[in-house]
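In UniProt numbering, the protein residues as written are 1 to 141.
Each remark here refers to the structure printed beneath this line.
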């Protein structure tokens, strides 16, 4: 038995295929969606989404936050930004992190909502750097 997994970025549908399980980075911790999972909506933090067929990871994506809709027959991830892990660039992510950290330093410390948004983006950039540095071919997972 499998579930239909769809990963959607603002630009396009990144992935649409059946899978046995998908593990995603929820804001409260990683969570796995499998067949017959109870319906659940959750927010995602920046991190890696692993798609499984059997015990093997067959696809890996980096998502920079977003939402997931989990149900007994499907899991749809609506990502703020999504890339295949093998397409990540450490240099690009480090440059983004540097800019975000400068923005944080210059930000109005009394504007808590704006600081929260910046901190989320900083966390996502750090997760992207980690994912890019640890990227390995799927066949070796």
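Don't be surprised by glycine CBs; every beta carbon is placed ideally from N, CA and C.
Here residue 86 has 135 as same chain residues with Cβ atoms under 6 Å from its own Cβ, once five neighbours each way along the sequence are excluded.
Under the rule that a run must span 4 or more residues, the alpha helix (DSSP H) segments found entirely inside the region 61 to 133 read 90 to 106, 112 to 133. From the listed residues 4, 99, 90, 114, the smallest Cα separation to residue 129 is found for 90.
Note on residue 124: 16 or more other CB atoms within 10 angstroms of its CB, so buried under the neighbour-count rule.
Excluding sequence positions up to five before and after residue 16, its CB lies within less than 6 Å of the CB of 6, all in the same chain and listed in chain order. Taking C-alpha positions only, residue 40 is separated from residue 53 by approximately 22 Å. Residues of the same chain with a CB within less than 6 Å of the CB of residue 36, apart from the 5 flanking positions on each side, are 72 in chain order.
The criterion of a C-beta distance shorter than 7 Å is not satisfied by residue 32 and residue 88.
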